[in-house]
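Protein chains in written order, with my numbering: chain A, 1 to 153; chain B, 1001 to 1264.
Below: the structure, in structure tokens.
Set out below in structure tokens:
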């Protein structure tokens, strides 16, 4: 009887720990797309601690896109536990050599030829405001540091 | 001799008429209303006076002026403002020559865009020391009190500098601190008193939106870019991404469960 009680307590503790662990997890909705113009878009949305919520966030992003851009190819849509590389830099807001769209809840990098990327970046920011957002930013690529400055640092 | 004098007189009259019409063709706009000390090229202006490209208009303390541009755009100049019509070209029948480059050196103004803002968006620029304002069918206000502040009444504006372009929609207020840092959205309550009082005064001015006023959200069309010639594919590409991103952002703004802030 005593052993059963101990087992029950241990089970309860294990359940609580597992719950705490899962509840502590965060998920980043990340989507990558390719447009017919040859531009690649990587979108990172704000993290959520709900796995299903993460999937819903990706769906929310992709649904109108799939309806309006049949030619756009979804490279991947996933819920990342941690971000690396471009996705992490995008989320952190560090200067990048790409055009980026910033708006509350979402950051989007546009990789490809500079001229089309700039125009598309501004169009997307404008389009978001047209759809009711109060503001959206198209951030230009960070200017590469001059060679001398890079060597001296 | 009399005949020669008459011919000369007619020639001079014809020349004068031609010069007047040429002047009209080159003019950018007309002073619609004014009160207080308002000067163009350092000389006092009068109502209905036409203004030429290259003219700097200044307003003194307590003064205000409304300029009606030939494309239907209206500019209200607040007191203690210096505003320059750098370049203005408008031909109703030929959009390819459209150009409206304006400088707000200091002070504040309100602008309702006209035909150029609607049909030739890239041809319009309102420059301040910190940002260049591009319009998208708009009624907006700008105050240069270092930094530059912008507030949108209707439509949308793009505030561009070397860091990027921030598009502000109706009701939004933004600030651009330097020419190398991205403009940022701010709450209207954060405006400094100088900008706040200017916007209150300018916002109270009754302006008749002309027939050419492009209404809210006349955002980019996907037309070829004048500078690069690049046509941004089918509008569905960027429009689809914008729609998806807007849906994601709308939830974040509404506090729908996302964590973290990605204010720009």
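C-beta atoms are modelled at their ideal positions from N, C-alpha and C, and glycine is treated no differently.
What you are looking at is a predicted structure, and each value in this text was computed from that prediction instead of being measured.
query                                                                                                                           : result
Nearest candidate by alpha-carbon position, reference residue 1202/B, set 1066/B, 1177/B, 1171/B                                : 1066/B
Burial state of residue 16/A, where buried means 16 or more other Cβ atoms lie within 10 Å                                      : exposed
Backbone secondary structure at residue 1178/B - three-state DSSP                                                               : coil
Proximity of residue 1029/B and residue 1059/B at Cβ, strictly below 8 Å                                                        : no
Residue 117/A beta carbon less than 8 Å from that of residue 62/A                                                               : no
Proximity of residue 139/A and residue 99/A at Cβ, strictly below 8 Å                                                           : yes
Rounded distance between the beta-carbons of residue 106/A and residue 1249/B, thought under 8 Å                                : 5 Å
8 Å contact criterion, which residue 131/A and residue 1073/B should meet: CB distance rounded                                  : Contact doesn't hold; Cβ gap of about 26 Å is too wide.
Residue 92/A to residue 1167/B span [Cα, whole Å]                                                                               : 21 Å
For residue 1200/B, the nearest candidate out of 1076/B, 1047/B, 1055/B (CA to CA)                                              : 1076/B
Three-state secondary structure (DSSP) of residue 1126/B                                                                        : strand
Check whether residue 1190/B and residue 1161/B have beta carbons under 8 Å apart                                               : no
Listed by chain order, chain A residues near residue 1248/B by CB distance under 7 Å                                            : 45, 57, 60, 61, 105, 106
Near-chain B residues of the stretch 130–145 of chain A (beta-carbon distance less than 7 Å), N- to C-terminal order            : 130, 131, 132, 133, 134, 135, 136, 137, 138, 139, 140
Closest Cα partner of residue 1137/B within the set 1116/B, 1147/B, 1193/B                                                      : 1116/B
Within the stretch 1054–1129 of chain B, ranges of the beta strand (DSSP E) (whole runs, at least 3 residues)                   : 1056–1059, 1064–1069, 1074–1077, 1082–1089, 1099–1112, 1124–1127
Among 35/A, 42/A, 8/A, 9/A, the one whose alpha carbon lies nearest that of residue 86/A                                        : 42/A
Simplified DSSP state of residue 1160/B, which is helix, strand or coil                                                         : strand
Alpha carbon of residue 28/A to alpha carbon of residue 1091/B, nearest angstrom                                                : 52 Å
Residue interval of the alpha helix (DSSP H) (run including residue 1196/B)                                                     : 1193–1203
Backbone secondary structure at residue 46/A - three-state DSSP                                                                 : coil
Delimiting residues of the beta strand (DSSP E) encompassing residue 138/A                                                      : 135–139
Contact set between the stretch 1151–1168 of chain B and chain A, restricted to residues whose Cβ is under 8 Å from the partner : 1156, 1158, 1162, 1163, 1164, 1165, 1166, 1167, 1168
For residue 1184/B: DSSP bridge partner residues                                                                                : 1175/B
Chain B within 8 Å of residue 36/A, Cβ atoms only                                                                               : yes
Inside the stretch 50–112 of chain A only - alpha helix (DSSP H) runs reaching at least 4 residues                              : 51–68, 85–92
Cβ-based burial, residue 1227/B [other Cβ within 10 Å; buried from 16]                                                          : Bear in mind that a pLDDT of 45 at residue 1227/B, under 50, signals an unreliable position, so the model cannot answer this.
For residue 36/A, the three-state DSSP class (helix, strand or coil)                                                            : coil
Closer than 8 Å at the beta carbon, the chain B residues around residue 65/A                                                    : 1240, 1241, 1243, 1244
Beta carbon of residue 1130/B nearer than 8 Å to that of residue 1177/B                                                         : yes
When 1120/B, 1163/B, 1139/B are compared against residue 1173/B, the one with the closest alpha-carbon                          : 1139/B
Nearest-angstrom beta carbon gap, residue 125/A and residue 115/A [assumed within contact, 8 Å]                                 : The pair is not a contact, with the Cβ atoms about 16 Å apart (cut-off 8 Å).
C-alpha gap between residue 1061/B and residue 1080/B, whole angstroms                                                          : 5 Å
C-alpha gap between residue 1063/B and residue 122/A, whole angstroms                                                           : 37 Å
Short Cβ contact (8 Å threshold) for residue 76/A with residue 32/A                                                             : yes
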